[in-house]
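A.B. asks:
In my numbering, the protein residues as written are 1 to 403.
(1) Look up residue 84 in the DSSP assignment and say whether it is helix, strand or coil.
(2) Given a threshold of 16 other Cβ atoms within 10 Å of its Cβ, counted over all protein chains shown, does residue 50 qualify as buried or as exposed?
(3) So, with DSSP's three-state summary, where would you put residue 307?
(4) In terms of residues, what are the limits of the beta strand (DSSP E) holding residue 49?
(5) In the DSSP output, what is residue 246 paired with across the bridge?
(6) Give me the residue from 221, 348 and 255 with the minimum Cα distance to residue 124.
(7) If you pair each beta-carbon of the segment 303 to 316 with each one of the segment 222 to 235, do three or more pairs fall below 8 Å?
(8) Name, in chain order, the residues that DSSP records as bridge partners for residue 240.
(9) State the DSSP-derived secondary structure class of residue 17, mapped to helix, strand or coil.
(10) Measure from the alpha carbon of residue 317 to the alpha carbon of each residue in 339, 296 and 279, then state which is nearest.
(11) Return the chain-ordered list of same chain residues with a C-beta closer than 6 Å to the C-beta of residue 212, the five sequence neighbours on each side being excluded.
(12) Sort out for me which residues DSSP pairs residue 302 with in a bridge.
(13) Using 10 angstroms around the beta-carbon of residue 69, count the other beta-carbons present and answer buried if the total reaches 16, otherwise exposed.
(14) Taking DSSP's pairing of strands, which residues face residue 27 in a bridge?
(15) Please identify the residue among 78, 114, 135 and 40 whose C-alpha is closest to the C-alpha of residue 239.
(16) Need the endpoints of the alpha helix (DSSP H) that residue 206 sits in, please.
(17) Going by CA-CA distance only, name the one from 29, 12 and 10 that's closest to residue 203.
(18) Taking Cβ positions, are residue 141 and residue 150 nearer each other than 8 Å?
(19) Which of the three DSSP states is assigned to residue 406 in this structure?
(20) Tell me the rounded alpha-carbon separation between residue 114 and residue 250.
(21) Looking at the unbroken alpha helix (DSSP H) that takes in residue 125, where does it start and where does it end?
(22) Assuming residue 178 and residue 346 are in contact, meaning their beta carbons sit under 8 Å apart, how far apart are those beta carbons, in whole angstroms?
(23) With distances taken Cα to Cα, identify the nearest neighbour of residue 330 among 261, 292, 350 and 311.
(24) Verify whether the separation of the beta carbon atoms of residue 71 and residue 57 is less than 8 Å.
(25) Answer with yes or no whether the minimum CB distance from residue 328 to chain D is below 8 Å.
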């Protein structure tokens, strides 16, 4: 924490700040450390004066003369201190590490790179048209008779591809000078990667879209590269080789992840784009409440009060709530057309190996390993769901007792 000088008649040293009007407010922040705050326009102007070198006492007098009211200067400076906007005794250059990978981010989204991406995607599409066997389809997952290999492809083979997806998000942010971070995390029992792009709030809206959509671009490029590799490895009779089959399986799984981005209710990449375009705050919560009220009216129940919603969210939610239903529909479609048939078929293969003795000991071990991995993950999901449900109930009981 920095220390505010005892006298308010001396200029304060303020880090370089970015000011971005956002509706009725102004988002002010430091992109070097991703620290930002939302100020009313008059507060942002006061901060500008102080950042430009006007002593706080003089800035307070200016504020009172301009807006006709006094400002609690001590509280205002305290907020600036908490946001790390004020420079302490250590020079900024020694406290902020240089931004790495910014040059790589700029190259990945340069005009020559875009030309290369267009050629890759066009080449993959041409290969799929010439040989429909290369197009993503459920059968591509079953490139081997060993169900353990299929399970490892589904659960482990995607990890490096997800890393590429998230890396594109992070590098697109680095390109803009944001200290985007990429960290290893988990969702339920799946290892995954997450990108932090909090600094986008102080970036003009038109510059936010590429970092948000960069992951989907990476997915399309991965599908294209995997398809072209599979095309190059085709056997003379036109069937995929073992390597080609593995690539086509990963391409199909990547396409499923791409389609998953349309599941808006999961706050995916596309959800971030939609809320940015529409200038909303909590569109997801507003849309769910609107949908819930529609359902309540259908059954004759009293709707929940919507007056607490942000006006912009409430207005957009009237039609976005229907788009939310489309997201649910896409998820259910992927589940019905791809996930469930694949799971049933793979479990059937494993069960057949256990029942029929013709597969020998190797086949039985292969089936047992697959079933252990598959059933174990389902059991773990159930255990975690029950635990989370108990935790929510316990938290609700505590709040009820506190009241």
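Even for Gly, the Cβ is constructed at its ideal location relative to N, Cα and C. Treat the numbers as computed from the prediction; the structure is a model and nothing was measured.
C.D. replies: On the basis of the supplied data:
(1) Here the question's residue 84 lines up with position 84 in the chain shown. Residue 84: coil per DSSP, three-state reduction.
(2) Counting from 1 along the chain shown, the entry for residue 50 is found at position 50. By the neighbour-count rule (16 or more Cβ atoms within 10 Å), residue 50 is buried.
(3) To locate residue 307, count along the chain shown from 1; it is residue 307. Reduced to three states, the DSSP call for residue 307 is coil.
(4) As a working mapping, residue 49 is identified with position 49 in the chain shown. Run containing residue 49: none in the beta strand (DSSP E); it sits in the alpha helix (DSSP H), 41 to 51.
(5) Here residue 246 corresponds to residue number 246 of the chain shown, with the count starting at 1. Answer is none; residue 246 lacks a bridge partner.
(6) Position 124 of the chain shown holds residue 124. For residue 124, the nearest C-alpha among the options comes from 221.
(7) no
(8) Here residue 240 refers to the residue found at position 240 when the chain shown is read from its first residue. Beta-bridge pairing links residue 240 to 234.
(9) Numbered from its first residue, the chain shown carries residue 17 at position 17. Three-state DSSP puts residue 17 in coil, outside helix and strand.
(10) Residue mapping note: residue 317 aligns to position 317 of the chain shown, counting from 1. Checking every option, the nearest Cα to that of residue 317 belongs to 279.
(11) Translated into positions along the chain shown, residue 212 becomes position 212. Answer for residue 212: 269, 272 and 273, listed in chain order.
(12) As a working mapping, residue 302 is identified with position 302 in the chain shown. Bridge partners of residue 302: none, in fact.
(13) On the chain shown, position 69 is the one that residue 69 refers to. Label assigned to residue 69: exposed.
(14) As a working mapping, residue 27 is identified with position 27 in the chain shown. According to DSSP, residue 27 bridges with 20 and 38.
(15) Within the chain shown, residue 239 is the residue found at index 239, counting from 1. Comparing Cα positions, the closest option is 135.
(16) Walking along the chain shown from the start, residue 206 turns up at place 206. Looking at the DSSP string, residue 206 is not in any alpha helix (DSSP H), and its letter there is neither H nor E.
(17) Numbered from its first residue, the chain shown carries residue 203 at position 203. Here the closest residue by C-alpha is 29.
(18) Stepping through the chain shown from its first residue, residue 141 is reached at position 141. Stepping through the chain shown from its first residue, residue 150 is reached at position 150. Yes, they are a contact pair.
(19) Residue 406 lies beyond the stretch modelled for the chain, which goes from 1 to 403, so this question has no answer here.
(20) Stepping through the chain shown from its first residue, residue 114 is reached at position 114. Stepping through the chain shown from its first residue, residue 250 is reached at position 250. Spanning the two alpha carbons is a distance of roughly 23 Å.
(21) In the chain shown, residue 125 corresponds to position 125, counting from 1. 111 to 130 is the extent of the alpha helix (DSSP H) around residue 125.
(22) By 1-based counting over the chain shown, the position of residue 178 is 178. By 1-based counting over the chain shown, the position of residue 346 is 346. Not quite, the Cβ-Cβ distance comes to about 41 Å (not below 8 Å), so this is no contact.
(23) Here residue 330 refers to the residue found at position 330 of the chain shown. With distances taken between Cα atoms, residue 330 lies closest to 261.
(24) In the chain shown, the residue the question calls residue 71 occupies position 71. In the chain shown, the residue the question calls residue 57 occupies position 57. No, Cβ-Cβ distance for residue 71 and residue 57 is not below 8 Å.
(25) Protein chain content of the structure displayed is limited to a single chain, and chain D is not contained in it.
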